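Colleague:
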Amino acid sequence: MIENRPFLAFLTHLVLIIGVIIVVFPVYLAFVASTHGSGDFMRGLVPLLPGPHMIENYSFMLNEGISTAGAPPLSIMLLNSLVMAIAIAVGKIIISILSAYAIVFFKFPFRMLAFWIIFITLMLPVEVRIVPTFKVVADLGMLNSYPGLIIPLIASATATFLFRQFFLTVPDELMEAARVDGAGPMKFFRDILLPLSRTNIAALFVILFIYGWVQYLWPLLVTTDSRYYTVVMGIKRLAATADAEPQWNFVMAAVILAMLPPVLVVILMQRLFVKGLVETEK
Amino acid sequence: MQAKRTIFPNKILPYMLLVPQLAVTLIFFIWPALQAVKSSFELADSWGFQTTFVWFENYRRLFVDPNYFASVGKTAIFAFSVTALSMSLSLILAVAVNRVLRTNRLYTTLLVWPYAVAPVVVGILWWFMFNPTIGIASYLLRAAGVDWNHRMDGNDAMILVIIAASWKQISYNFLFFVAGLQSVPQSLIEAAAIDGAGPFKRFWTIVFPLLSPTTFFLLIVNMNYAMFDTFGIIDATTQGGPAQATNTLVYKVYTDGFLGQNIGSSSAQSVVLMIVVIALTAIQFRYVERRVQY
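Printed below as a string of structure tokens:
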């Protein structure tokens, strides 16, 4: 702080408080809606203070779900989301760290070609190749299965680049010393490189877990069997019950439960999250 | 390309290490993309049994289709508005957080978590607030004399998706602006203060110009986000309607190809979008290379 200007300090806090209200209010409203009974939404305006039905709404959604909307209980969908998010994060990290290791520590024909093939995935988001990708997965018989949800999403150029950048900063002497001591490439990878990459792996895991959790279009395409619904896509089914007004209290309970895991990850691991976000975008 | 000075001599091992990544990439990325290019040159008969090679017919039809141009226009309005709204709000918040000392951790935590909220969930949150019958925002708007109905009015629908998409992106932009602000040298600001420049003058003549690499980077990322990552928001709020008012290019690929089964046209649209992504990625990487040299 260079000079003391009480008015400016006041303005600063005012701006921040308004910003926080803008960010928090929609979620607060959803939480409030999830604590009321179904009848409370008939009176024309959303209630603004929490109601008494929180526990029963949440346990109803977790254990039974709205079967008329074709959605299974939330506990199943939450589990599917968790499996999908963790598998995508772990899968991306494993295949990316291996390919970055190959590209940085070995010289072999077609090294550049491999690098460019990986690079190209950046330019082909699933949104622009919906129909043909769906066809490939259908032909492989992977519709309505965990592999179908997970494997097509685990190629990762950004993770590969991140590990490549990091590997390039590892001093050459470490590797020379390891070789002098008789360590082969896999031993060097396991005992030296992997421990050194620990923070990077953790930061990347946070970002990729969120990436996997919020996937919507892909699960929507490949799952028609409600046993494989993820929570993020299942919510849409709950909210879109034909022409009728949705049962807001139950929909919002599902919304809160669907947000909670990744939001908690961000809040509890904020340092890793910021590191992961800033580094993957470089 | 850069590699280590000393390397391992193995011949087969590197290929083994690359196999998983390359297999996934080839099967689920490159092959479908080539298929999209191939079917963009083909026309299927009404039963889908036969396809004929028609050169650029699908593209020609696309570029004379007024619906497609309407969608290009809507996407442009949407992307520019989301980028402008979200970046300006985030910059204001980032500058404010950078000024407070003791509470900045708390404010940052309270501002960054929407990054982890799925776009479709964001859509539902704002859809609920603007719901014409029970939403609080539409209630307040009615009290102010605005008859809000995004189910009937295309402009209302567009405003709704812009607000929802911007809300989600605030946290991302905020983090990058904070990082950018922290790298502005304090000595420059102090020197300007000694020369008598007030806080606003210092911001516009020193801080803002020095932030320009961050701002430019975020411009590209936000355009990319608004065009490609907002599928869930649109699907949850307006589904492209009413009367195509919010049918962005990505949403149109989905409705034409997956719901409408018009594979030729949808593939041609996919190819056009791939070219857009390639252009945006190229700009982003050229710029990143420049920044590294600073």
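Respectively, the protein sequence lines represent chains A and B.
So in my numbering, spot 20 of the first sequence is number 20, and the numbers just go up one at a time.
So in my numbering, spot 255 of the second sequence is number 1255, and the numbers just go up one at a time.
We put the CB at the ideal spot given by N, CA and C, even for glycine.
Source: prediction; values computed, not measured.
1. Listing by chain order, which chain B residues have their CB less than 7 Å from the CB of M259/A?
2. Helix, strand or coil for L221/A per DSSP?
3. Please state whether the Cβ-Cβ distance between V1112/B and S1187/B is less than 8 Å.
4. Can you tell me which of A1044/B, W1031/B and P1119/B puts its alpha carbon nearest to the alpha carbon of Y1225/B?
5. Which runs of the alpha helix (DSSP H), 4 residues or longer, sit entirely within the segment 1224-1292 of chain B?
6. Output yes if chain B places a C-beta closer than 8 Å to the C-beta of D172/A; else output no.
7. If I'm right that A159/A touches I93/A with Cβ under 8 Å, what's the distance once you round it to whole angstroms?
8. Quick one: any contact between the segment 1152-1161 of chain B and the segment 253-264 of chain A, if contact means 3 or more CB pairs under 8 Å?
9. Could you tell me the boundaries of the beta strand (DSSP E) in which E1042/B lies?
10. How would you label M112/A, buried or exposed, when you count the other beta carbons within 10 angstroms and need 16 or more for buried?
11. So, does the CB of T133/A fall closer than 8 Å to a CB anywhere in chain D?
12. With a threshold of 16 other CB atoms inside 10 Å of the CB of I1275/B, please say whether the residue is buried or exposed.
13. How is F966/B classed by DSSP in three states: helix, strand or coil?
14. Cutting at 8 Å between CB atoms, please list the residues of its own chain near T1205/B, excluding the five before and the five after it.
15. Run through the DSSP bridge pairs and tell me what T1051/B is partnered with.
16. Closer than 6 Å by C-beta to S1266/B: which residues in its own chain qualify, once you throw out the five before and the five after it? Chain order, please.
17. Let's see if you can read the secondary structure: which residues bound the alpha helix (DSSP H) around T160/A?
18. Closer than 7 Å by beta-carbon distance: list the chain B residues that pair up with S96/A, in chain order.
19. Under 8 Å between the Cβ atoms of S1212/B and V128/A?
20. With respect to the alpha helix (DSSP H) encompassing R5/A, which residues constitute its N-terminal and C-terminal limits?
21. Tell me the rounded alpha-carbon separation between A283/A and H13/A.
22. What number of angstroms, rounded off, separates the C-alpha of F1008/B from the C-alpha of A100/A?
23. Give the range of the alpha helix (DSSP H) segment to which Y58/A is assigned.
24. Helix, strand or coil for F287/A? Go by DSSP, reduced to three states.
25. Decide if I21/A is buried, meaning its Cβ has at least 16 other Cβ atoms within 10 Å, or exposed.
26. Please check if any C-beta of chain A sits within less than 8 Å of the C-beta of D1235/B.
27. Taking buried to mean at least 16 other C-beta atoms within 10 Å of its own C-beta, is T1237/B buried or exposed?
28. Can you give me the start and stop residues for the alpha helix (DSSP H) that D172/A sits inside?
29. List the DSSP bridge partners of F106/A.
30. So that I know if they touch, is there some Cβ in chain A lying closer than 8 Å to that of G1232/B?
31. Confirm, please, whether the CB-CB distance from K1168/B to V1122/B is below 8 Å.
32. Using a C-beta to C-beta distance shorter than 7 Å, which residues of chain A count as neighbours of G1241/B?
33. For L78/A, count neighbouring Cβ atoms within 10 angstroms of its own Cβ and tell me buried if that reaches 16, exposed if not.
34. So with Cβ pairs under 8 Å, would you call P1132/B a contact of chain A?
35. Mind listing which residues of the segment 84-110 of chain A have their C-beta closer than 8 Å to chain B's C-betas, in chain order?
36. Pull up the distance between the alpha-carbon of V278/A and that of L196/A, whole angstroms please.
Modeller: Put simply:
1. V1117 and V1121
2. helix
3. no
4. P1119/B
5. 1231-1237 and 1249-1254
6. yes
7. 6 Å
8. no
9. E1042 to A1044
10. exposed
11. The chain inventory of the structure shown lacks chain D, comprising the protein chains A and B.
12. exposed
13. Residue 966/B lies beyond the stretch modelled for chain B, which goes from 1001 to 1294, so this question has no answer here.
14. A1192 and A1197
15. A1044/B
16. V1253, D1256 and G1257
17. A157 to T169
18. Q1021
19. no
20. Premise fails: R5/A is in no alpha helix (DSSP H) and is neither H nor E.
21. Because chain A here runs from 1 to 282, residue 283/A falls outside it and cannot be looked at.
22. 14 Å
23. M54 to N63
24. This structure cannot settle anything about residue 287/A, because the visible part of chain A is limited to 1 through 282.
25. exposed
26. yes
27. buried
28. D172 to V180
29. F1008/B
30. yes
31. yes
32. Ordered by position in chain A, no residue passes the 7 Å Cβ test against G1241/B, which lies about 13 Å from the chain.
33. buried
34. no
35. I94, I95, S96, L98, S99, Y101, A102, I103, V104, F105, F106, K107 and F108
36. 19 Å
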